[in-house]
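Below is one structure, written out as structure tokens; the observations come after it.
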Amino acid sequence: MSHKNKLLDKNIYKNSKLKFISVTLLIIITALLNSQLVTFTEKFIDSLGMSNFKHSLILLLLLSAFSLSTKVAEQVITYIKSLIRLTVESQLNHKFLSILNFNTITELETPTYQNEVNYFRGTLGTLSALPDYYIDLGKNLIFVVAYSYLIFQYNWLVLLILIPLAVPNAIFQNFYAKKLRFYYRDTAEIGRGKESFFQLLLNPQTQKENMVFSNKNFLLQKWSVNNTIGIEKQKALMNTEFKWRFLMHLPNVISIMAVQLVIVTGIMLTNKNSIGDYFAIITAAGFLQSALIGLAEILGKLKETKLVIKDGESFFEKFNENKLDDTALDMNKIENVRLDNLSFTYPNMDKKALEDISLSFKIGENIAIVGENGSGKSTLAKIISALHNIEDGMLFFNGIDINLIKRKTLLEQISIVSQDFVKYPLTVKENILFENDDTNIERLSNLIKKYPMLIPDNLKNNLNAMLGYEFSGGQQLSGGQWQKIAIGRALVKEADVLILDEPTSALDPMTTNNVINLILLERNLLTTILVTHDLALAKRFDKILCINSGKIVGFGTHYELIRENSFYKELNNDKKEERLDVTV
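Below, the structure is given as structure tokens:
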């Protein structure tokens, strides 16, 4: 099944069937009412010359009744359409978020992804309006048929004038749909930049630096630049639209003038039509012209929707990595991991982040990764965590190439504490378990018993307390407390492989020692991989992996490396000098 069909599933509309039927009936009723409005307009105009006040008054009342009924029906149609759109928009957003399942982060950590998702989120409104478009398409088609039939009874030449002269508007709408798509794509990064700087000026987390560094005017200038560029691009679009819409009004004016000329000529030459007929035909011609214009606009919207769907398919194809899931193997338990001459380059980068990395370990072995900043430690940790796209033949789990494994089942066996862990605006319990009920509350209780230092004392008996300041009643934690919550989230999973990327950078030394010692003790049959600059912590691990400029420059125990590896010796000496400087 294509991604398009998944997103625009017919089930999205199943709760709106009755509303669709109601709208269709109301549209038919409105068309009939408008037809009668034209007929009674003719009769009313003709009655004015008969000196029959009572008859004219009755016709006027009927005209008013038909007009009022039409307005009421149109209001009800608008209301029902709004209800349908609300329902569809909600379900479409839910569907979009549900079926978008990322297996890796490689392409996500790029401006391209940010621009694509920003563009596609903006165009979701177009897909949400699809029921509106189809309703309006049906409405205008019904009106075109009804008014064409009515006009045909008076003078078929009117149709030959109105319908051909409506074609240029349809061509313009098709052109404008493509223009809009280009505009949205062209302004995706500008809009994202404008919103980013806007949030930096408002976000509570950035205010301390805004105040200390007095950078508000600088950020405001950055926002203004993006805002100005966005406005100029929008003006260019508006100018194009104004120019073309002005030109498109000319055929409409010409067609009405030609219609009036045909009708007046017919009255003068044949004397078959009355003044009432004249007003009736002009009224019907106006309705038909409006319906034709509306039809052209809807066809343009449908063209735009078609382009959005096409873009959506490309978006899912590029970022929704599930191509092998139907044939891939499940990974229910990791027993060993092997990296074989692995190299990795980030998208849009020339230099390799990692090069010729060969490494293997069995579950139960604990490894510390050390090296200077920017050496590739965190990249390697994410690769072992199965979070990056890797070429075939470079990374194996239980001897199976990662690209032959169903990534979701593999990630179920891996847990991680990242440097940039997320501070979720959820309760303590939800932050760790990601569930609302108490199904797995025992797991959380066991975690607190094993690692009592991870949960603040004032929250241990209040696990439903909201964290953060996004919502009312939330409690803000310190950086170290948030880091402990993130560690707890990773530990409660009890994964075969636990990756700790600078997990205690915000913790005090005593807590750091206690946490790492407990993790190694409690997970003695599982594997823990620590990325760290703290060589005192690294010494406690079975093996230490030294990384420099994306390459392995040492692998062994602390004692092996301190005797034989110059890079590791230098790291140790640097750390000793740092400690001496602090002591002095």
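Under my numbering, the residues of the sequence shown are numbered 941 to 1524, in order.
All C-beta atoms, glycine included, are put in the ideal place defined by N, C-alpha and C.
What's the C-alpha gap between residue i and residue j?
i: I961; j: L1142; result: 46 Å
i: L997; j: T981; result: 12 Å
i: I1075; j: D1360; result: 47 Å
i: R1463; j: A1326; result: 20 Å
i: Y1430; j: K1369; result: Contrary to the premise, residue 1430 reads as Ala rather than Tyr in this sequence. C-alpha separation (whole angstroms): 13 Å.
i: T1018; j: T1245; result: 21 Å
i: S1022; j: V963; result: 11 Å
i: K1241; j: I967; result: 20 Å
i: K1134; j: Y1123; result: 16 Å
i: K1175; j: F1182; result: 10 Å
i: R1503; j: L1140; result: 50 Å
i: K1273; j: T1467; result: 12 Å
i: N1192; j: R1185; result: 11 Å
i: E1237; j: N1114; result: 9 Å
i: N1288; j: H1328; result: 15 Å
i: D949; j: L1373; result: 31 Å
i: H1498; j: K1479; result: 6 Å
According to the Cβ coordinates, are residue i and residue j closer than 7 Å?
i: G1428; j: L1387; result: yes
i: P1365; j: E1410; result: yes
i: S1068; j: V1028; result: yes
i: N1080; j: L1235; result: yes
i: I1492; j: L1477; result: no
i: N1058; j: A1128; result: yes
i: L1440; j: V1357; result: yes
i: V1437; j: R1383; result: no
i: K1424; j: L1461; result: no
i: G1490; j: G1316; result: yes
i: A1435; j: I1354; result: yes
i: I1105; j: S1195; result: A small correction: the amino acid at residue 1105 is Leu; Ile does not occupy that position in the sequence shown. Cβ distance < 7 Å, so L1105 and S1195 count as in contact.
Who are the near neighbours of residue i in its chain, counting only those whose CB is closer than 7 Å to its CB and skipping five residues on each side?
i: D1270; result: K1346, T1349
i: I1340; result: L1269
i: I952; result: V1028, Q1031, L1032, K1035
Run through DSSP, which three-state label would residue i get?
i: F1361; result: coil
i: Y1124; result: helix
i: A1308; result: strand
i: I1238; result: helix
i: I1045; result: coil
i: E1029; result: helix
i: T1468; result: strand
i: G1170; result: helix
i: V1432; result: coil
i: N1157; result: helix
i: K1400; result: coil
i: K1291; result: coil
i: I1221; result: helix
i: I1303; result: coil
i: L1269; result: strand
i: R1480; result: coil
i: F1186; result: helix
i: T1285; result: coil
i: Q1415; result: strand
Excluding the 5 residues flanking residue i on each side, which residues of the same chain have their C-beta closer than 8 Å to its C-beta?
i: I1330; result: L1282, F1284, I1323, I1342, N1343
i: Y1053; result: E1047, F1259
i: E1305; result: T1467, D1482, K1483
Quick one: what's got a C-beta closer than 6 Å to residue i's C-beta in the same chain, skipping five residues either side?
i: I1024; result: S956, K959, P1071
i: L1511; result: none
i: I1203; result: Y1218, I1221
i: F1336; result: R1278
i: I1169; result: I1130
i: L1520; result: For L1520, the pLDDT reaches just 39, beneath the cut-off of 50, and the residue's location in the model is therefore unreliable, leaving the point undetermined.
i: H1199; result: According to the sequence shown, residue 1199 is Val rather than His. Closer than 6 Å at Cβ, skipping near neighbours: V1098, I1101, A1225.
i: G1419; result: A1446
State whether the segment 1219-1232 contacts the segment 1294-1310, with contact taken as three or more CB pairs (one from each stretch) at a distance under 8 Å. no
Do the segment 970-978 and the segment 1007-1020 meet, that is, are 3 or more Cβ pairs less than 8 Å apart? yes
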